[in-house]
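A.B. asks:
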Amino acid sequence: SAKAAGKRQWCHYRPALQAGLVERHELNESLDEAIAEAAFALYYQPIVDLISGGLVGFEALVRWPHERRGMVLPEEFISLAEESGQIVPLGAWVLERAVAEAARWQRQTREERAAGGRGPLRVSVNVSGRQFRDAGFVDTVRRALDQSGIEPSTLVLELTETVLMRRDERVRTDMQMLGDLGVQIAIDDFGTGYSSLSYLREFPISILKIDKSFIDGLGHSQQQYALVEGIARIADTLGVQVIAEGIENTVQRDLLAAMGCPLGQGYLFARPLTTDQAGLLVQEDARPAGLHIGGR
Ligand code: C2E
Ligand code: MG
Ligand code: MG
Ligand code: MG
């Protein structure tokens, strides 16, 4: 076949490159199958109140259980899925799954949480640029909300700065429509891209997630500390909530809590959990004594 002939040719001239291409091709094909069969797994990393140690919500993180490769992490397939457009159906699946799970957890714990003066659990979903730019994205979000019945404000869409950088009319109207639906929008990995605090004025953004690379330096770099504190203060002034990513020790947690950044996630509290593990945590946290994740 032409395909086989093509392979032979590549093999002859560019053996190293050929291995990469075949691998990508294979991965792309099995990614197609996985999408058709919804053969992915969603993991949930707790987002925690740093002062009480209580559960605020989860970030949904996709994995791909692969028969030969084991549990494939998003770094290995998200960019591939973006290039091919496969991220659109994959992202829709993630969104639907995540809100369906959140709806269940919210139903189980709404009363107990309200009795303790806490709002319903939230769920954060990552949205890639290609997915956001797809013409059907806003409808996909609307459908996920309708089907699950969750309160729109309990869904957080995490976008990276590269999406907002474009500043074209479509980005503006889509952001407005999402804002009108009542969902929350977070800027993910804040500080790693072309960070501009002006996004916070221009778009209906209610959450900033400070990238792990800034949190890493807390406790030994005065500069990193000043930077994080500055971001937290400005965000607070603008009424934007801050979530710290990648908290790995109690020093980082305590510095963040002290500087008025009361929410975070990281291995100190929990790694991304399976649905069952997350469900148990939800139950435990809802009890009157509550949870004190991270040693509080
Ligand atoms: P992200 O959105 O910034 O997610 C946080 C990543 O940091 C996750 O990696 C999480 O497991 C990891 N992490 C959390 N706490 C710690 C910590 O204390 N220490 C360290 N070393 N790592 C920590 P993960 O699950 O491998 O995801 C990587 C990236 O892949 C995500 O970064 C996100 O950009 C992307 N991604 C994940 N799921 C999806 C998805 O469903 N759709 C899209 N478009 N992108 C996704
Ligand atoms: Mg994220
Ligand atoms: Mg992030
Ligand atoms: Mg990140």
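Those letters in the sequence shown? Residues 723 to 1018, by UniProt numbering. Note that beta-carbon positions come from the ideal geometry of N, C-alpha and C, so glycine has one too.
#1: What is the rounded straight-line gap between the Cα of K729 and the Cα of E745?
#2: In the DSSP assignment, find the unbroken beta strand (DSSP E) run with V964 in it and report its ends.
#3: Which word fits Y765, buried or exposed, when buried means at least 16 other C-beta atoms lie within 10 angstroms of its C-beta?
#4: Please list, in chain order, all residues with a C-beta atom less than 7 Å from at least one heavy atom of ligand 3.
#5: By the three-class DSSP mapping on this structure, what secondary structure does L903 have?
#6: Please indicate yes or no: does the CB of E781 lie closer than 7 Å to some heavy atom of ligand 2?
#7: Going by C-alpha distance, which of K931, L985, F762 and E834 is nearest P1010?
#8: Please report the Cβ distance between V962 and L922, rounded to the nearest whole angstrom; I am assuming they are in contact, meaning their Cβ atoms lie under 8 Å.
#9: Taking only three categories from DSSP, how would you classify I1015?
#10: Hey, which unbroken runs of the beta strand (DSSP E) at 3 residues or more fall wholly within the segment 908-954?
#11: For the candidate residues D856, P768, E924 and D771, whose alpha-carbon lies nearest to that of E805?
#12: Give, in chain order, every unbroken run of the beta strand (DSSP E) that is at least 3 residues long and sits entirely within the segment 807-836.
#13: Is A1008 helix, strand or coil by DSSP?
#14: State the DSSP-derived secondary structure class of A980, mapped to helix, strand or coil.
#15: Please report how far the alpha carbon of R864 lies from the alpha carbon of D911, in whole angstroms.
#16: With three or more C-beta pairs closer than 8 Å as the rule, is the segment 838-845 touching the segment 884-893?
#17: Counting only the same chain and skipping the five closest in sequence on each side, list residues whose C-beta sits under 6 Å from that of A814.
#18: Have a look at A756 and A803 and give me their C-alpha separation to the nearest angstrom.
#19: On the CB-based measure, 16 or more other CB atoms within 10 Å of its CB, does D902 come out buried or exposed?
#20: Residues bridged to P787 by DSSP?
#21: According to DSSP, what are the bridge partners of residue 1023?
#22: Taking 8 Å as the cut-off, decide whether the C-beta atoms of L930 and I909 are in contact.
#23: Please list the terminal residues of the continuous alpha helix (DSSP H) segment that includes R865.
#24: Output the boundary residues of the beta strand (DSSP E) element that contains L879.
#25: Using 8 Å for Cβ pairs, my map puts L777 next to D1007. What's the rounded Cβ distance?
C.D. replies: Put simply:
#1: Here residue 729 is taken as the residue at index 7 of the sequence shown, counted from 1. Here residue 745 is taken as the residue at index 23 of the sequence shown, counted from 1. Residue confidence is low: K729 scores 44 on pLDDT, short of 50, so the model does not pin down where it sits. Its coordinate-derived value is still stated next. Rounded to the nearest angstrom, the two C-alpha atoms are 12 Å apart.
#2: Along the sequence shown, read from residue 1 onward, the residue named residue 964 stands at position 242. First-last of the beta strand (DSSP E) with V964: Q963 to A966.
#3: Numbered from 1 along the sequence shown, position 43 holds the residue referred to as residue 765. Buried, because 16 or more other Cβ atoms sit within 10 Å of the Cβ of Y765.
#4: E880, D910, D911, K931, D933 and E967
#5: Working through the sequence shown from its first residue, we reach residue 903 at position 181. In the structure shown, L903 sits in a helix (DSSP, three-state: H, G or I).
#6: What you label residue 781 is simply residue 59 of the sequence shown in a count that begins at 1. E781: yes, Cβ under 7 Å from ligand 2.
#7: Counting from 1 along the sequence shown, the entry for residue 1010 is found at position 288. Minimum Cα distance to P1010 is reached at E834.
#8: As a first step, residue 962 must be located in the sequence shown, where it is residue number 240. As a first step, residue 922 must be located in the sequence shown, where it is residue number 200. Contact flag correct, Cβ pair sits at about 6 Å.
#9: As a first step, residue 1015 is located in the sequence shown; it is residue number 293 there, counting from the start. Reduced to three states, the DSSP call for I1015 is coil.
#10: 929-932
#11: If you number the sequence shown from 1, residue 805 lands on position 83. For the residues D856, P768, E924 and D771, the minimum Cα distance to E805 belongs to D856.
#12: Secondary structure within the segment 807-836: not one fully enclosed beta strand (DSSP E) run of 3 or more consecutive residues is present.
#13: The residue labelled residue 1008 in the question sits at position 286 within the sequence shown. Of the three classes helix, strand and coil, the one that applies to A1008 here is helix, per DSSP.
#14: Translated into the one-based positions of the sequence shown, residue 980 becomes position 258. Here A980 sits in helix by DSSP.
#15: Working through the sequence shown from its first residue, we reach residue 864 at position 142. Working through the sequence shown from its first residue, we reach residue 911 at position 189. Between R864 and D911, the C-alpha separation is close to 25 Å.
#16: Under the Cβ criterion (8 Å, minimum of three pairs), the segment 884-893 does not count as touching the segment 838-845.
#17: Indexing the sequence shown from 1 puts residue 814 at position 92. T862, listed in sequence order.
#18: Stepping through the sequence shown from its first residue, residue 756 is reached at position 34. Stepping through the sequence shown from its first residue, residue 803 is reached at position 81. Answer to the nearest angstrom: the Cα atoms are 12 Å apart.
#19: Position 180 of the sequence shown, counted from the start, is the residue given in the question as residue 902. So D902 ends up on the exposed side.
#20: Here residue 787 corresponds to residue number 65 of the sequence shown, with the count starting at 1. DSSP output for P787 lists M793 as bridge partner(s).
#21: Residue 1023 lies beyond the stretch modelled for the chain, which goes from 723 to 1018, so this question has no answer here.
#22: In the sequence shown, counting from the first residue as 1, residue 930 sits at position 208. In the sequence shown, counting from the first residue as 1, residue 909 sits at position 187. Yes, the pair counts as a contact, with Cβ atoms nearer than the cut-off.
#23: Walking along the sequence shown from the start, residue 865 turns up at place 143. Element bounds for R865: F859 to S870.
#24: Here residue 879 corresponds to residue number 157 of the sequence shown, with the count starting at 1. Note, L879: beta strand (DSSP E), L877 to T882.
#25: For the purposes of this step, residue 777 is identified with residue 55 of the sequence shown, where counting begins at 1. For the purposes of this step, residue 1007 is identified with residue 285 of the sequence shown, where counting begins at 1. Rounded, the Cβ-Cβ distance is 4 Å, consistent with contact.
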